[in-house]
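Written below as structure tokens is the structure these notes are about.
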Amino acid sequence: MLAKLPRANPDGVVLDLEDAVAPNAKADAREHSREAGAMLAREHPNLAVYIRVNARLTEWFDDDVARGVPAGAIGIVVPKVESAADVHAAAHALDRAGLHELSILAGIETVAGVINVAEILHEPRVGACYFGAEDYTADLGGVRRADSLEVLWPRSRVAAHAAHAGVLSLDQVVTELRDEEVFRLDAQLGRSLGFRGKLCIHPTQVGWANESFSPSPTEVERARRLIDAFDHAAAAGHGTIAFEGQMVDEPLARRARAVIAGAAEE
Amino acid sequence: MLAKLPRANPDGVVLDLEDAVAPNAKADAREHSREAGAMLAREHPNLAVYIRVNARLTEWFDDDVARGVPAGAIGIVVPKVESAADVHAAAHALDRAGLHELSILAGIETVAGVINVAEILHEPRVGACYFGAEDYTADLGGVRRADSLEVLWPRSRVAAHAAHAGVLSLDQVVTELRDEEVFRLDAQLGRSLGFRGKLCIHPTQVGWANESFSPSPTEVERARRLIDAFDHAAAAGHGTIAFEGQMVDEPLARRARAVIAGAAEE
Amino acid sequence: MLAKLPRANPDGVVLDLEDAVAPNAKADAREHSREAGAMLAREHPNLAVYIRVNARLTEWFDDDVARGVPAGAIGIVVPKVESAADVHAAAHALDRAGLHELSILAGIETVAGVINVAEILHEPRVGACYFGAEDYTADLGGVRRADSLEVLWPRSRVAAHAAHAGVLSLDQVVTELRDEEVFRLDAQLGRSLGFRGKLCIHPTQVGWANESFSPSPTEVERARRLIDAFDHAAAAGHGTIAFEGQMVDEPLARRARAVIAGAAEE
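Chains as they are written, first to last, in this note's numbering: chain F, 1 to 266; chain Y, 1001 to 1266; chain W, 2001 to 2266.
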């Protein structure tokens, strides 16, 4: 499956040593991930390869960092980060293993992680983060809902603090494996809240995520019309226009320009 | 009504000296609550008996604590707690009255209380808390909505900080006395947000609350099937399974085990 | 348009030097706003006249404060306030210009502004604030939604901290110019969250805003019936009543009294 994964065109891949691996299989998983990760990084230079280690206070953490990281990986995913101290511990483990260039993708997926998110994401070694709704709700003692209202507060908080810290943010997993509508609705809300992408648990979800986090052709087309009208008005000294029933001033024009720039990057 | 109340099978009861008692009836209410509370505690040893005193800065607070607490009560409910200083004042009043064993159930129901919730709930004398939507909205100058979206932020915040502080959290009252559907929808969201139970204002609501905050038979049944499949896969070295269209790994298995354990406690 | 504006009966007016004015038109706009603002203040003594200056770190800020403020204005609107330091800078600029009586209406419309909202709104020179959803979402890198769920957290946070700081709060703009239903639904949620009024971008919206932020005749009528019943019961020593299927105690009675008082002020 790993060899075929790049066909789905993800921006990155996370090889998991944590929840996806049973306790008695951790050592084997390290070896396998190191080899498979190195192959992926070698054959797909644009693919960001990460390894997810076990949480800091588990018995596996040190060996995961020392022996599980493939050549060519750009970082480690540290689950259940709860404080700046957790980031320091991961950074020290990376440095002890000689992995000075690798950054940390921090999992914010506990109540403590959400409460302490500001100090965590401002740590310089943290380059990215994700919000994990399943683990968060389990830690909280709550229950997942189809509408995700129960995580609107932590999810909003994580995306906003990530933007404030200049850290890339990834939205929660959708555990329903093949339900496209559920995935797209969830991704749409995630993008609205400021997340830059989404964790996927199946290759099928990758295409949906890529589409959901890029402006649609309709959005791009509307943004172009808006900028035409706005620039035309600005040349005549007007800073505000009525455009298709909506008042448009500088902030909306800025957003339209960002949509066009985002589309041009594809 | 108090004598019949235990038939509804609540986990606890709060005898109110605050909002339910007119200013000119406070002294009588103290005496009555002391007697009725002592009787309830004596006849129903598993029932947690609380007395709600008036807020700290009212003229009634000191006498409520000194003279209103029944024998056998396990704590006092302090409404409108706004800071750690309010908790200290209540703790000192309890100590002066010789009630060293009683804990505080803190009402978080003002804007200041929601903003300072972390310092309040981490006070060691606080054993539990509730979120009060009616008082919060009145203090805020807002308006209640049928969908409770206006309190999603403070409600999420209180439940999460309670989980972080290791404090039992109780969800908001539903003032519609006999509307079962309204109560159950509200309770469902409260449970999703991490509350452990719900304040009730009528015996009829108690049964709905008990059902809403316990896993349903369908949930328990599904959790058992999930754990069977998961353990079977784990024995074969797999940490992740596809179960009824959903990806299941350790966090979801943990939640399923919690559901089964919760049902076994009933 | 400015001369006709008071017919729509707004509580205040903001003359904009920021987003509505193209960069090459800033100097002309200052002169025009000073004259038009002074005329409005002179002819409509009950109208609160504000001038919106450009953000602190722009090249226009100092001249806007020094030369753009009309006689009779009661304050300046400072967009994109991100910290207490931004408030200090604006306060100093006002003092340098000899405008010691003018207060600051702070725009909370960036991620940093929302995160630092407590320190901003507790600055004594800040008399009011608004939440700006368009700029906030642009700064966050998010996307606006029809249901505004993407700004529920920042919007709730701003209104609550404004209430805590004793600062008047104004709800987000609705950019759809003539869609009454969209405006009223948005205003209803804004009022529920504790905002005291709403920024309008067209005279048509002013009447909708005034109605949305005042109690409706039905609300006032119900409040009167409730208070009648409540006071009657209180005279007989009861602090709680069942009123039209709802339990009513002191907090609900307090809200009803506020509704009646609000209607009497109109």
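The C-beta atom is built at its ideal place from N, Cα and C for all residues, glycine as well.
Between ARG191 of chain F and LEU170 of chain F, the C-beta spacing is not below 8 Å.
By the 16-neighbour rule on beta-carbons within 10 angstroms, GLY2141 of chain W is buried. Excluding the 5 residues flanking it on each side, ALA48 of chain F has same chain C-beta neighbours closer than 7 Å at ASP11, GLY12 and ILE74, in chain order. The region 2147-2193 of chain W contains, as complete alpha helix (DSSP H) runs of 4+ residues, the segments 2152-2165 and 2180-2192 (chain order).
Between the region 1059-1069 of chain Y and the region 1014-1034 of chain Y, the count of C-beta pairs closer than 8 Å reaches three or more; the two stretches touch.
Per the Cβ contact rule, the region 2193-2208 of chain W is in contact with the region 2147-2162 of chain W (3 or more Cβ pairs under 8 Å). In the displayed model, LYS1080 of chain Y falls within coil according to three-state DSSP, outside both helix and strand.
Annotation for ILE260 of chain F: ALA223 place their beta carbon closer than 6 Å to its own, counting only its chain and skipping 5 residues before and after.
At a cut-off of 8 Å between beta carbons, TRP1153 of chain Y contacts chain F. For GLU2035 of chain W, the closest alpha carbon among the candidates W:PRO2203, W:GLY2068 and W:PRO2045 is that of W:GLY2068. Under the DSSP definition of a beta bridge, GLN2246 of chain W partners with Y:GLU1176 and W:PHE2243. Residue burial annotation: SER2216 of chain W is exposed, with fewer than 16 other C-beta atoms found within 10 angstroms of its C-beta. One finds THR175, GLU176 and LEU177 in chain F with Cβ atoms closer than 8 Å to the Cβ of GLN1246 of chain Y, taken in chain order. Taking 8 Å as the cut-off, the Cβ atoms of ALA2084 of chain W and GLU2119 of chain W count as close. Per the C-alpha coordinates, the member of Y:ALA1234, Y:ALA1209, Y:HIS1202 and Y:LEU1226 positioned closest to GLY2245 of chain W is Y:HIS1202. Less than 8 Å separates the beta-carbon of GLU1082 of chain Y from that of ALA1112 of chain Y. Residues of the same chain with a CB within less than 6 Å of the CB of LYS1026 of chain Y, apart from the 5 flanking positions on each side, are TRP1060 in chain order.
Using a CB distance cut-off of 8 Å, THR2137 of chain W does not count as an interface residue toward chain Y.
It is roughly 18 Å from the alpha-carbon of ALA209 of chain F to the alpha-carbon of LYS4 of chain F. The C-beta of ARG2225 of chain W comes no closer than 8 Å to any C-beta of chain Y. Per DSSP, the beta-bridge partners of CYS129 of chain F are F:ALA106 and F:SER169. As DSSP reads the structure, ARG52 of chain F sits in a beta bridge with F:ASP16 and F:VAL77. Contact note: GLY2068 of chain W does not reach chain F at a C-beta cutoff of 8 Å; the least C-beta distance is about 15 Å. Within the model, the alpha-carbon separation for ASN1116 of chain Y versus VAL1220 of chain Y is close to 37 Å.
GLY2142 of chain W belongs to the set of residues whose beta carbon lies under 8 Å from a beta carbon in chain F. 8 Å or more divides the Cβ of TRP153 of chain F from the Cβ of LEU1149 of chain Y.
Straight through space, the alpha carbons of VAL2174 of chain W and VAL2126 of chain W are spaced by roughly 24 Å.
With fewer than 16 other Cβ atoms inside 10 Å of its own Cβ, THR204 of chain F counts as exposed.
Listed in chain order, the non-local C-beta contacts of VAL2143 of chain W below 8 Å within the same chain comprise THR2137 and GLU2150, local neighbours out to five positions each way being set aside. For ALA1022 of chain Y, the residues of chain W that pass the 8 Å Cβ criterion are ALA2234, GLY2237, HIS2238 and GLY2239, in the order they occur in the chain. Secondary structure at VAL2021 of chain W: strand, using DSSP grouped into helix, strand and coil.
Residue state for GLY2098 of chain W is assigned as coil, using DSSP reduced to three classes. Using a Cβ-Cβ cut-off of 8 Å, LEU2149 of chain W is close to LEU152, LEU189 and SER192 of chain F, given in chain order. In this structure, the CA atom of VAL1248 of chain Y is about 54 Å from the CA atom of HIS2238 of chain W.
Around HIS164 of chain F, the beta-carbon contacts reaching into chain W at under 7 Å are VAL2111, ALA2112 and ILE2115.
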